[in-house]
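First up is the structure itself, then whatever we jot down about it.
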Amino acid sequence: MTTTAAPAGTPAVRPRQARRAPSTFYRDPISCLQASFGSVVADAGHDPLAALGARWEFRYIPGDVRSEEFYFPEREPGDTAGSMMPYHPAHSTWFTPETAEPLEELAALIENGLAPIAAVDNYHLPFRPAYHDVHAAHLVLIYGVDPGRGLVWVADPMPPAFSGPIRAEDFLNAWGSANPADHQDAFFSDARIDRRHMLLRLGADWPADDPATLLAALRANHADLTADAHDDGQWTGVAGLRRFVEHVTRSAHAGDDDALKQVYTFGWSQQAGCSLHGELLRTRGRQWRCPALREAGRAVEAAAHAWTGLRVTAAHGWTRPAETTADLRRHGDRLAQRYETAASALTRAVTELT
Amino acid sequence: MFTIDISPYLDNVGATTAGRTATGRLNVWNNSFAAENLPPGGSNVMVGGVPYVMPPFGGIDPDNIRCAGQYLELPGPGRAVDWLHLLATGERRVEDEIAVHFADGSVDFEPVRVSDFWAAPAAFGEVPAFETLMHYPAHTQFGVPASVWSQRVPVTRRLPLIGIGLPVNAALHVFAVTLQPPDGTRRPAAVSTAGTAPSTGAATSTAGEAQPAVPSTAGAR
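Chain order of the listed sequences is B and S.
Numbering-wise (our numbering), the first sequence opens with residue 2 and increments by one.
Numbering-wise (our numbering), the second sequence opens with residue 313 and increments by one.
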């Protein structure tokens with residue numbers, strides 16, 4: 002991940018707000034990352050599922066996993082949105098404030114019609130269940146700043162789904178938190194927040210939501226999923242997934258608790274993308290009367306659901322990694338098998354859709 | 313239908329009272345259901361036409377099986393069954409297999425699909441059984457509903473069933489099991505509406521003993 006200094010805003014003690022609260026995009030398998038991006042995409046008048054669900058891949062980058070709910074292994078370094086939505090004109094950049102008036106910088110962005118996505122520590126946010134209890138890195142959308150009244154407008158699509166003003170002091174604490182290691186959350190704590198915010202920019206040449214567009218995506222996805230193993234620092238495709246499963250089980254056997262903690266965090270990025278792709282194929286298969294596409298979607302969703310066994314086994318077992326080795330192997334093998342089954346189903350869907 | 317006594321296998325606390333939420337162990341963050349929103353332990357409850365016997369929802373004793381490959385052995389020579397009904401929930405969406413064991417030694421693996429308990433819809437067409445407040449170790453939480461589902465698993469082989477092998481999947485929690493025999497041998501449950509609906513879900517309390525409870529033989533494989 003790279004960060005860039007934001008352009009300085011013009012200090013002004015006046016409220017700045019978006020014309021309306023952000024949309025809400027939520028599915029139970031996704032994280033705050035997909036939810037935040039989906040909300041911005043929806044507000045631009047596009048279907049979040051079509052954009053976030055078009056790409057299906059496996060990608061693991063050794064040494065890259067950070068203990069944040071919004072961690073995502075990027076094929077385009079520093080461009081999370083471009084990595085998640087490679088078939089759409091969507092790109093994102095992380096920023097950190099460059100002035101002593103960080104809220105003014107956010108306000109200037111809002112005034113220019115942008116929706117900054119801020120990294121926060123849930124511990125300091127009164128609307129999060131973790132408030133004054135658990136430290137955890139999270140994302141929220143910022144859509145208003147009122148320096149005079151000391152308020153910041155925050156939208157969080159993740160349950161309990163808040164949208165409204167909070168005290169600027171609370172937001173600044175969350176935004177600037179050290180997010181210290183917290184034994185209650187081994188997966189999303191111990192990662193500094195550092196007042197980062199991300200901007201998602203969407204291009205005008207948005208592709209059509211039609212069979213030809215999806216067909217091109219399916220072909221590219223399938224080619225990448227079924228490619229032979231290679232080693233360019235990233236483990237990709239089903240071959241990469243098999244290598245990842247081997248890495249996890251060997252790490253568990255060797256007593257590497259950090260490796261197991263990362264399975265839950267990393268796995269969320271993969272499970273979420275997998276689930277959205279499956280839903281997209283299923284729903285478009287119904288819309289376009291293409292049974293093979295519906296079946297492929299369901300097969301992809303079954304792969305998404307296989308992430309649960311691996312992630313939850315690792316999450317419950319990281320304090321005693323060696324004991325979990327056999328179960329991790331079982332769930333990992335099933336996960337890889339379901340990816341292979343889904344890849345086969347994609348082949349049929351491509352044929353029927355062509 | 314016949315309810316199964318799974319009490320020897322209960323090993324996880326999934327529901328807590330507001331006064332002692334810290335004992336919940338439903339997921340890795342120790343969330344739990346609000347016991348106050350659930351029927352009392354031992355009561356008979358109908359969910360979508362299926363009777364279940366409630367486990368002890370009190371936050372002290374275990375109230376569910378966290379699936380780790382337990383084998384629920386049915387007593388006697390076995391009985392014909394068309395459906396297994398599970399009162400269950402998932403720590404995220406679960407899609408796994410249950411091993412169905414028959415009297416002649418044959419075994420079938422049948423899909424078991426259970427949705428997430430945490431602020432989620434029924435992804436697999438389950439019947440929502442109960443929806444409660446979400447309990448956290450240090451507080452109770454509005455706006456994040458916690459769901460228990462009623463799901464069914466097919467038994468396709470027309471042979472007497474002698475046992476049920478649960479999957480090795482820590483994300484799957486089973487609170488109650490009921491067997492549905494083939495239509496010709498089905499005994500209608502005596503449903504009463506005298507009880508108070510325990511939640512916003514589809515469950516209905518029953519006042520009488522609708523069906524016999526079948527004990528299972530303790531033991532794990």
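Every residue gets a Cβ at the ideal spot worked out from N, C-alpha and C, and that includes glycine.
### Any C-beta of chain S under 7 angstroms from that of H254/B
As a working note, residue 254/B is residue 253 in the first sequence. Not one chain S Cβ lies under 7 angstroms of H254/B.
### Query
Taking C-beta to C-beta, are S32/B and E70/B nearer than 7 angstroms?
The count along the first sequence starts at 1 and reaches residue 32/B at position 31. The count along the first sequence starts at 1 and reaches residue 70/B at position 69. Their beta carbons are under 7 angstroms apart, which means S32/B touches E70/B by this criterion.
### Query
List, in order along the chain, the chain B residues whose C-beta lies closer than 8 angstroms to that of F454/S?
As a working note, residue 454/S is residue 142 in the second sequence. Those are P161, listed as they occur along chain B.
### Query
In chain B, which residues lie with their C-beta within 9 angstroms of the C-beta of D428/S?
Here residue 428/S refers to the residue found at position 116 when the second sequence is read from its first residue. Correct list: D29, P30, T309.
### Query
Are N342/S and P449/S closer than 7 angstroms when you measure CB to CB?
Taking the first residue of the second sequence as 1, we reach residue 342/S at position 30. Taking the first residue of the second sequence as 1, we reach residue 449/S at position 137. Cβ distance < 7 angstroms, so N342/S and P449/S count as in contact.
### Query
Using a beta-carbon distance cut-off of less than 8 angstroms, what residues from the stretch 473-490 of chain S approach chain B?
V480, N481, A482, A483
### Query
When the distance is taken between beta carbons, is R332/S closer than 7 angstroms to G371/S?
Translated into the one-based positions of the second sequence, residue 371/S becomes position 59. Translated into the one-based positions of the second sequence, residue 332/S becomes position 20. Against a cut-off of 7 angstroms, the Cβ pair of R332/S and G371/S comes out as a contact.
### Task
Take the Cβ of F172/B as the centre, count every other Cβ of all protein chains shown within 10 Å, and call the residue buried at 16 or more, exposed below.
Within the first sequence, residue 172/B is the residue found at index 171, counting from 1. That one is buried.
### Query
Looking only at C-alpha atoms, which of Y321/S, F414/S, V412/S sits nearest to D373/S?
The count along the second sequence starts at 1 and reaches residue 373/S at position 61. Nearest of Y321/S, F414/S, V412/S to D373/S, Cα basis: Y321/S.
### Where N113/B falls, given that 16 or more other Cβ within 10 Å makes a residue buried
Along the first sequence, read from residue 1 onward, the residue named residue 113/B stands at position 112. Result: exposed.
### Message
Which residues of the stretch 317-333 of chain B have a Cβ closer than 7 angstroms to any Cβ of chain S? Give them in chain order.
### Response
H317, D328, R331
### Query
Around the C-beta of H447/S, are 16 or more other C-beta atoms found within 10 angstroms, so that it is buried, or is it exposed?
Against the second sequence, residue 447/S aligns to sequence position 135. So H447/S ends up on the buried side.
### Task
Return the residue from the list F189/B, T325/B, C275/B, G234/B that minimises the CA-CA distance to V301/B.
Within the first sequence, numbered from 1, the residue matching residue 301/B stands at position 300. The shortest Cα separation from V301/B among F189/B, T325/B, C275/B, G234/B belongs to C275/B.
#### Entry: Inter-residue spacing [alpha-carbon to alpha-carbon] between P63/B and L115/B
Numbered from 1 along the first sequence, position 62 holds the residue referred to as residue 63/B. Numbered from 1 along the first sequence, position 114 holds the residue referred to as residue 115/B. For P63/B and L115/B, the distance between alpha carbons rounds to 33 angstroms.
### Query
Along chain B, in chain order, which residues have C-beta atoms closer than 8 angstroms to that of D274/S?
As displayed, chain S neither begins before 313 nor continues past 533, which places residue 274/S out of reach and without an answer.
### Task
Let me know if A432/S comes out buried or exposed under the rule of 16 or more other beta-carbons within 10 Å of its beta-carbon.
Residue 432/S sits at position 120 when you count from the first residue of the second sequence. Buried, by the Cβ-count rule.
### Query
DSSP on W95/B, reduced to helix/strand/coil?
The sequence position of residue 95/B within the first sequence is 94, counting from 1. Here W95/B sits in strand by DSSP.
### Cβ contact (3+ pairs, closer than 8 angstroms) linking the stretch 379-386 of chain S and the stretch 477-494 of chain S
yes
### Query
Closest to P166/B by CA distance: which of R150/B, P158/B, N174/B, W176/B is it?
Within the first sequence, the letter at position 165 stands for residue 166/B. It is R150/B whose Cα lies nearest to the Cα of P166/B.
### Message
Counting only C-beta atoms, is E443/S closer than 7 angstroms to chain B at any point?
### Response
As a first step, residue 443/S must be located in the second sequence, where it is residue number 131. False, the Cβ-Cβ gap to chain B never drops below 7 angstroms.
### chain S contacts from the stretch 292-307 of chain B (Cβ-Cβ distance under 9 angstroms)
E302, A303, A305, H306, A307
### Query
Does the pairing of the stretch 232-246 of chain B with the stretch 12-27 of chain B give three or more beta-carbon distances under 8 angstroms?
no
### Query
Is it true that the CB of V239/B sits closer than 7 angstroms to the CB of A315/B?
Working through the first sequence from its first residue, we reach residue 315/B at position 314. Working through the first sequence from its first residue, we reach residue 239/B at position 238. Their beta carbons are not under 7 angstroms apart, which means A315/B does not touch V239/B by this criterion.
#### Entry: Paired residues, beta bridge with F421/S - DSSP
To locate residue 421/S, count along the second sequence from 1; it is residue 109. DSSP, once it has assigned bridges, lists A411/S as partnering F421/S.
### Query
How long is the line joining the alpha carbons of M86/B and A350/B, rounded to whole angstroms?
By one-based count along the first sequence, residue 86/B stands at place 85. By one-based count along the first sequence, residue 350/B stands at place 349. Looking at the two C-alpha atoms, the distance is approximately 21 angstroms.
### Message
On the criterion of 16 or more Cβ atoms from any shown chain inside 10 Å, does T508/S qualify as buried, or is it exposed?
### Response
Residue 508/S sits at position 196 when you count from the first residue of the second sequence. In this predicted model, T508/S has a pLDDT of only 31, less than 50, meaning its place in the structure is not dependable enough to derive any value.
### Query
What is the DSSP secondary structure of P351/S, counted as helix, strand or coil?
Position 39 of the second sequence, counted from the first residue, corresponds to residue 351/S. Three-state result, P351/S: coil.
#### Entry: the stretch 459-472 of chain S in contact with the stretch 416-424 of chain S per 3-pair CB rule at 8 angstroms
yes
### Message
For E348/S, which residues in the same chain have their Cβ closer than 7 angstroms to its Cβ, ignoring the five residues on either side in sequence?
### Response
If you number the second sequence from 1, residue 348/S lands on position 36. Within the same chain, E348/S has close Cβ partners T329, A330.
### Message
Rounded to the nearest angstrom, what separates N376/S and A305/B at their Cα positions?
### Response
Residue mapping note: residue 376/S aligns to position 64 of the second sequence, counting from 1. Residue mapping note: residue 305/B aligns to position 304 of the first sequence, counting from 1. Cα to Cα, the separation comes out at about 25 angstroms.
### Contained beta strand (DSSP E) runs [length at least 3] in the stretch 190-237 of chain B, N- to C-terminal order
198-203
### Query
Just how far apart, CA to CA, sit R76/B and V359/S?
Mapped onto the first sequence, residue 76/B falls at position 75. Mapped onto the second sequence, residue 359/S falls at position 47. One C-alpha to the other measures close to 47 angstroms.
### Query
Since V439/S and L484/S are thought to touch, with beta carbons under 8 angstroms apart, how far apart are those beta carbons, to the nearest angstrom?
Locating residue 439/S in the second sequence gives position 127, where the first residue counts as 1. Locating residue 484/S in the second sequence gives position 172, where the first residue counts as 1. Their Cβ separation, rounded to whole angstroms, is 17 angstroms, which puts V439/S and L484/S out of contact at 8 angstroms.
### Query
Which parts of the stretch 423-450 of chain S are runs of the beta strand (DSSP E), unbroken and 3 residues or longer, counting only runs that do not cross its ends?
439-448
### Query
For D258/B and chain S, any beta-carbon pair shorter than 7 angstroms?
Mapped onto the first sequence, residue 258/B falls at position 257. Not an interface residue.
### Query
Using a C-beta to C-beta distance shorter than 7 angstroms, which residues of chain S count as neighbours of T284/B?
Residue mapping note: residue 284/B aligns to position 283 of the first sequence, counting from 1. Under the 7 angstroms cutoff, chain S gives no residues; its nearest Cβ is about 14 angstroms from T284/B.
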